[in-house]
Structure formats: C-alpha cells, structure tokens
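Residue numbers (the working numbering): 10 to 168. Don't be surprised by glycine CBs; every beta carbon is placed ideally from N, CA and C. Step one of this worksheet: look at the structure below.
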C-alpha cells in the first residue's frame with residue numbers, strides 16, 4: 010500500500026528558515042542603520058546590498074521550488090521574471106531611504122519580502138491552494154508587488 014501523504018518539504022522549509030533569518034536582518038538593518046563619515050556610509054550600503062541580495066536570492070529559490078515542486082500558474086511565473094528583480098531593487102532603494110532617516114520606508118522591503126514568501130508557500134502547499142483560489146491570489150500578490158515596487162521608486166524620487 011502506498012502512502013497518500015506527500016513527504017514533508019525539508020528543502021523548502023530550510024530555504025524558508027534562511028529567508029526568515031535574512032528578513033529579520035534586513036528589517037533590523039533598516040530600522041537601526043547608523044551613518045557617519047564617508048566610509049561608514051559605504052559600509053552600511055554594502056551591508057544592505059548583501060542582506061537584500063541574500064534575501065531576494067532565497068525568495069527567488071523559494072519561488073522556483075514552489076513552481077517546480079508545487080503548482081504555480083504560468084502567468085505568475087511570467088510575472089515573476091521582471092517583478093522579483095524589480096522588487097529587490099525597490100527594497101534596496103527603500104533601505105537607502107531608511108539610511109537617510111526615513112524609517113517608514115522599511116515597510117517596502119518588509120511587505121515585498123512577505124508577499125513573495127507567501128506566494129511561494131501558497132504555490133508549494135496544496136492546502137493553501139485549496140483554500141485560496143489561484144486567479145485571486147495570483148492577481149492580488151503580483152499586483153501588490155508591482156504597486157509596492159513602483160511606490161518605493163516614487164517615494165525615493167520624491168524624498
């Protein structure tokens with residue numbers, strides 16, 4: 010007799026734990042960044058770049074796992090190609106805003122990363138897909154990622 014239960018997705022869970030740690034580090038960096046002279050500013054920028062880059066790499070890996078091992082709509086995969094890198098750049102831009110004493114901009118990397126992680130989890134776990142219809146979730150998440158990314162770029166241009 011075969012077991013009808015799917016095995017626990019250990020790889021997905023491991024990447025999710027790593028992404029969660031990076032998420033906390035990015036938010037901590039955004040809310041506590043201290044700037045000083047020229048070298049301190051450059052060091053803070055590199056720290057933010059590596060943290061956001063690592064987080065977005067982990068989120069990209071989660072989305073790939075969700076697409077391959079789960080059930081991601083094709084439209085979402087097409088939307089992810091330009092929106093995931095754009096949202097990563099928007100998160101870094103928002104982190105730069107935080108370094109200029111605009112701590113409210115931390116909402117951009119926080120919300121963008123949470124949306125991408127949620128969508129990867131939704132794509133990977135059939136129970137979430139059964140509870141939340143694919144067209145609604147796909148449109149809502151990727152529309153929100155687009156709007157938040159554009160808002161981060163607009164806010165950086167204004168402030």
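Residue burial classification, residue i (beta-carbon count within 10 angstroms, cutoff 16)
i, result
"residue 36", "buried"
"residue 38", "buried"
"residue 133", "buried"
"residue 97", "buried"
"residue 16", "exposed"
"residue 90", "exposed"
Beta-carbon spacing of residue i, residue j below 8 angstroms
i, j, result
"residue 122", "residue 32", "yes"
"residue 106", "residue 95", "no"
"residue 21", "residue 73", "no"
"residue 57", "residue 23", "no"
"residue 211", "residue 156", "The structure shown has nothing for residue 211, since the chain only spans 10 to 168."
Candidates the options, of which the one nearest residue i by Cα
i, options, result
"residue 124", "93, 73, 59 and 34", "93"
"residue 164", "101, 141 and 126", "101"
"residue 26", "16, 64 and 90", "64"
"residue 109", "16, 34 and 54", "54"
### Task
Please list the segments of the alpha helix (DSSP H) lying wholly inside the stretch 32-93, counting only runs of 4 or more residues, in order along the chain.
47-78
### Query
Would you call the stretch 40-52 and the stretch 78-94 touching, i.e. three or more CB-CB distances under 8 angstroms?
no
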